[in-house]
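As structure tokens, the structure follows; a few thoughts come after it.
Protein chains: 2
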Amino acid sequence: MKHRILTIAENAKEASNTIRLLDSETKKEILNAVANSIDHHQHTILKANADDLKKGRAKGLAEPLLDRLSLTGRLDSIIEDVRKVAELLDPVGEIIEENILPNGLKLSKKRVPIGVLAVIYEARPNVTVDVAALALKTGNCAILRGGKETLATNKAIMAATHKGLKKWDISPYALQLIPIASRSALKYLLTLDHAIDLVIPRGGAGLHAFCRQNSTIPVITGGVGICHLFVDESANIQKAIPVIVNAKTQRPSVCNALDTLLVHEEIAHKLFPRLLEALIDKGVTFRLDKRAWKEIAPEDETTFLKAEEEDWQTEWMSLILGIKIVDSLEEAVHHIQRYSSSHSDGILTESSENAALFIQNIDSAAVYINASTRFTDGGQFGFGAEIAVSTQKLHARGPMGPKELTTYKWIVEGNYHTRA
Amino acid sequence: MKHRILTIAENAKEASNTIRLLDSETKKEILNAVANSIDHHQHTILKANADDLKKGRAKGLAEPLLDRLSLTGRLDSIIEDVRKVAELLDPVGEIIEENILPNGLKLSKKRVPIGVLAVIYEARPNVTVDVAALALKTGNCAILRGGKETLATNKAIMAATHKGLKKWDISPYALQLIPIASRSALKYLLTLDHAIDLVIPRGGAGLHAFCRQNSTIPVITGGVGICHLFVDESANIQKAIPVIVNAKTQRPSVCNALDTLLVHEEIAHKLFPRLLEALIDKGVTFRLDKRAWKEIAPEDETTFLKAEEEDWQTEWMSLILGIKIVDSLEEAVHHIQRYSSSHSDGILTESSENAALFIQNIDSAAVYINASTRFTDGGQFGFGAEIAVSTQKLHARGPMGPKELTTYKWIVEGNYHTRA
């Protein structure tokens with residue numbers, strides 16, 4: 469197995485020397501050819517997907533997992549996404565900076581592909597297509613390691629993709645699926661820093677920690693969002709409520725959904741009745757700190773529970789909301805600095821002074837003023853597509869689109885210059 | 469020891485919440501106060517340095533190491549460097565991008581400090597001052613781990629630095645020396661990803677590999693340069709020779725010095741006599757591939773040796789030069805793609821077509837046309853200072869100056885926006 473993984477990685481590195489040279493127009497045409505080929509092979513792909521689903525059901529996989537695995541009714545929109553990526557602006561080749569030094573040397577900082585990406589994800593076959601499209605768009609090679617529950621589907625998708633590549637005489641090593649499931653094989657892959665330039669895990673906190681701990685290749689960590697909104701005393705209550713409801717309930721299972729609501733003590737009394745009604749209406753249940761418990765004085769102890777310390781450290785991924793009353797902006801900032809995963813945190817306020825203080829003090833990938841945290845997303849930010857959301861500080865922060873899949877090189881042009 | 473390291477890291481993280489808010493003018497004045505304080509304590513620092521040198525001699529440390537350790541005659545220029553960093557443009561606060569989305573959300577990408585840096589280096593006390601100055605300039609906190617041979621010197625420097633900080637009521641946790649030498653303690657430090665944002669090793673390949681293998685924190689890898697120059701058949705011989713001599717001999721012990729010279733077969737015959745004379749004059753010795761051996765037909769077998777495979781994989785750090793004759797630009801590119809550490813590689817040519825082909829195909833941090841590789845340096849590139857040279861592709865490539873010690877955050881301003 470090790471030999472096979474090594475070969476895959478080294479073939480990708482070799483292929484990257486030609487893939488990174490493709491011009492924008494060619495990459496666009498290749499992406500459309502891939503979309504056409506996936507479209508042409510819809511039947512085969514859906515058949516493989518039905519096999520995966522059948523096996524999954526036999527194994528007793530949970531319904532939400534089976535749902536994520538299923539391509540039924542979704543393949544057309546996935547193919548459409550590839551065509552959209554084809555139309556995006558190609559970031560590769562941009563001259564980011566240019567400068568003539570006092571000694572006459574001409575210095576250019578040019579945007580180039582990263583090289584070889586390894587993307588580790590779970591049982592979502594749509595990610596296979598997403599990653600393939602974004603890698604091709606940016607002149608990168610990709611090694612894809614999807615969940616074992618979707619192996620047949622992923623193989624069928626990759627076969628169709630390679631048929632699309634073949635028309636353009638593009639090496640199949642540009643996009644390779646690693647059909648491995650064991651953690652020890654993954655561990656080995658993560659040490660191949662001579663061939664792989666970047667590891668992108670897409671999954672739960674456990675997968676991210678595993679990659680960080682075992683990789684000698686740079687890893688983009690992200691995806692875990694313990695997100696906060698602070699309702700400042702000056703907030704417009706009528707306008708604030710839909711924002712909180714949206715942040716918590718519009719899609720509770722994703723990383724940019726709201727986890728903890730901080731409420732200024734001066735506004736809690738006026739805010740709570742209508743807010744709680746709106747949230748309960750959407751099926752939300754609550755974890756209240758002592759002061760919020762006292763303020764709300766709940767009778768229904770299935771909807772309301774007292775918050776434990778660990779609740780503030782939890783990314784709920786569900787319709788649970790922590791609520792804490794604070795006596796100042798400072799206390800809210802302090803809570804967020806302590807518990808936030810630095811993904812998305814916001815303030816609802818009518819005070820531009822408090823907004824400025826909040827922006828200054830909260831060091832998260834995305835800091836919001838009067839908006840739902842749900843906007844932290846490559847599509848919403850206008851990137852056209854997203855490969856991951858980074859919560860670390862190196863290379864990229866927040867949503868990562870095509871540009872974040874590039875690096876740069878320095879080009880130094882002289883007239884036989886020597887250093888004094 | 470673990471408890472002490474953990475405390476240092478967590479104190480740094482806490483301090484970073486105030487250090488990152490310092491405005492440019494204040495940081496400038498703090499840096500000048502630090503410079504003044506180091507100047508004021510020159511006597512104490514030099515006394516500590518004399519102690520380190522005495523101990524080092526007693527231990528039998530090699531002369532080059534003792535030389536690097538010594539501050540004699542160097543402290544004034546080190547202090548001057550701090551004043552220069554004070555005058556540099558502060559990159560923090562820059563709005564990198566700004567955009568109003570179709571839904572009216574205002575998106576700003578703002579440059580901010582990274583947070584907490586851990587810098588691991590060897591017995592060079594000047595690095596202590598460099599790192600302290602660059603960290604303060606960019607609003608970062610730094611944990612410094614210098615070589616054990618300079619512990620007394622580093623402690624004296626840090627004490628003087630803290631006295632400078634005290635005048636501005638700046639937390640001493642902004643800059644902390646970890647007085648540890650053991651690899652197991654370092655290993656523990658490298659796992660504190662909740663408190664440290666970036667690890668920068670400055671030292672040999674062994675230290676870099678150790679950090680990559682043991683760190684759960686992002687690591688900037690670099691410093692190892694296996695650098696190439698290719699003499700194209702069209703090169704101007706008279707102008708090319710000084711460039712090659714400069715790249716190899718101007719400072720052979722550094723990472724951007726030349727390691728392997730590739731020579732087009734059509735020009736070798738004309739180039740070698742004068743080139744070899746100039747290089748031998750500087751004390752250079754050679755490792756020749758078969759064709760160069762045949763062409764040169766050396767009689768002196770102390771100056772000329774036959775190259776072994778591993779010679780092409782060696783960063784010489786000394787006056788040794790590998791020479792290989794190639795029959796084409798393609799063969800040169802292929803050799804560089806195989807053996808380069810992607811630090812600095814160049815072509816000497818009069819053909820703009822070949823220059824363009826070389827730039828396109830060589831994916832190194834710095835790619836040179838008609839210039840010495842010795843220019844890959846923050847100072848030479850006009851960054852004003854340098855914390856490291858990165859040879860990886862994430863975050864920063866090539867020389868890292870103040871700007872490369874920053875990241876960004878997204879600020880999203882709305883009018884109670886919700887996601888549809």
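Going down the list, the protein sequences come from chains A and B.
Take 469 as the starting number for the first sequence in my numbering and just add one per residue.
Take 469 as the starting number for the second sequence in my numbering and just add one per residue.
Beta carbons are placed, not taken as given, at the ideal position from N, Cα and C, and that holds for glycine.
Open item on the list: Within 10 Å of its beta-carbon, does residue 869 of chain B have 16 or more other beta-carbons around it, so buried, or fewer, so exposed?
Closed with: buried
Task: Per-residue burial, residue 561 of chain A [other beta carbons within 10 Å of its own, 16 or more giving buried] - done: exposed
Open item on the list: Less than 8 angstroms between the C-beta atoms of residue 484 of chain A and residue 609 of chain A, yes or no?
Closed with: yes
Task: Neighbourhood of residue 580 of chain B by C-beta, 7 angstroms cutoff - its chain only, sequence neighbours within 5 removed - done: 488, 560, 874, 875, 876, 877
- [ ] Could you tell me which chain B residues have their CB closer than 7 angstroms to the CB of residue 849 of chain A, listed as they occur along the chain?
- [x] 575
Task: For residue 780 of chain B, the first and last residue of its enclosing beta strand (DSSP E) - done: Taken as a continuous stretch (DSSP letters only), residue 780 of chain B belongs to no beta strand (DSSP E), as it is neither H nor E.
- [ ] Could you work out which residue in B:664, B:622, B:599 is closest to residue 479 of chain B when comparing CA atoms only?
- [x] B:664
Task: Residue from B:553, B:778, B:522, B:793 with nearest C-alpha to residue 501 of chain B - done: B:553
Open item on the list: Counting only C-beta atoms, is residue 863 of chain B closer than 8 angstroms to chain A at any point?
Closed with: yes
Open item on the list: Between residue 752 of chain A and residue 791 of chain A, how many whole angstroms is the CB-CB distance? I'm expecting something under 8 angstroms.
Closed with: The Cβ separation is near 10 angstroms, so there is no contact.
Task: Under 8 angstroms from the C-beta of residue 885 of chain A: neighbouring residues of chain B - done: 711, 838, 839, 840, 843
Open item on the list: Among the candidates A:865, A:621, A:594, A:886, whose CA atom is the shortest distance from the CA of residue 576 of chain B?
Closed with: A:865
- [ ] May I ask you to report which of helix, strand or coil DSSP gives residue 621 of chain B?
- [x] helix
- [ ] Determine the chain B residues that contact residue 832 of chain A at a beta-carbon separation under 8 angstroms, and present them in chain order.
- [x] 877
Open item on the list: Judging by CA-CA distance, which residue of B:540, B:618, B:697 is the nearest neighbour of residue 593 of chain B?
Closed with: B:618
Open item on the list: Against chain A, does residue 692 of chain B count as a neighbour if the rule is that its beta carbon must be under 8 angstroms from one of theirs?
Closed with: no
Open item on the list: So residue 642 of chain A contacts chain B; which residues on that side make the cut at Cβ distance below 9 angstroms?
Closed with: None at all; the shortest Cβ gap to chain B is about 16 angstroms.
Open item on the list: Quick check on residue 859 of chain B: does DSSP put it in helix, strand or coil?
Closed with: coil
Open item on the list: So, does the region 626-635 of chain A touch the region 491-509 of chain A, judging by three or more C-beta pairs under 8 angstroms?
Closed with: yes
- [ ] Using alpha carbons as the reference points, say which of B:557, B:590, B:548 lies closest to residue 535 of chain B.
- [x] B:590
TODO: Compute the Euclidean distance between the alpha carbons of residue 638 of chain B and residue 760 of chain A, then round it to the nearest angstrom.
DONE: 37 angstroms
Task: Cβ-based burial, residue 846 of chain A [other Cβ within 10 Å; buried from 16] - done: buried
TODO: Mark residue 883 of chain B as exposed unless 16 or more other C-beta atoms lie within 10 angstroms of its C-beta, in which case mark it buried.
DONE: exposed
Task: Inside the region 663-723 of chain B only - alpha helix (DSSP H) runs reaching at least 4 residues - done: 673-682, 705-717
Open item on the list: Using a 10 Å radius around the Cβ and a threshold of 16 neighbouring Cβ atoms, would you call residue 644 of chain A buried or exposed?
Closed with: buried
Task: Opening and closing residue of the alpha helix (DSSP H) in which residue 878 of chain A lies - done: Counting along the chain, residue 878 of chain A falls outside any alpha helix (DSSP H), though it belongs to the beta strand (DSSP E) covering 874-885.
Open item on the list: Looking at residue 713 of chain B: is its Cβ nearer than 8 angstroms to the Cβ of residue 735 of chain B?
Closed with: no
Task: Spatially closest choice to residue 476 of chain A from A:686, A:656, A:691, by CA coordinates - done: A:656
Task: Per DSSP, the bridge partner or partners of residue 728 of chain B - done: B:696, B:790
TODO: Check the C-beta distance from residue 650 of chain B over to residue 886 of chain A and give it rounded, since I have them as a contact under 8 angstroms.
DONE: Actually they do not touch by this definition, with Cβ atoms about 43 angstroms apart.
- [ ] Kindly list, in the order they appear in chain A, the residues whose Cβ is closer than 9 angstroms to that of residue 489 of chain B.
- [x] 828, 829
Task: Chain-order list of residues whose beta-carbon lies under 8 angstroms from that of residue 606 of chain A (same chain, five-residue window excluded) - done: 558, 559, 560, 581, 582, 870, 873, 874
Task: Listed by chain order, chain A residues near residue 686 of chain B by CB distance under 7 angstroms - done: 686, 860, 862
Task: Inter-residue Cα distance where the pair is residue 746 of chain A and residue 470 of chain A - done: 55 angstroms
Open item on the list: Is residue 739 of chain B close to chain A? Criterion is C-beta to C-beta, closer than 8 angstroms.
Closed with: no
- [ ] Whole angstroms is fine: what's the gap from residue 775 of chain B's alpha carbon to residue 763 of chain B's?
- [x] 14 angstroms
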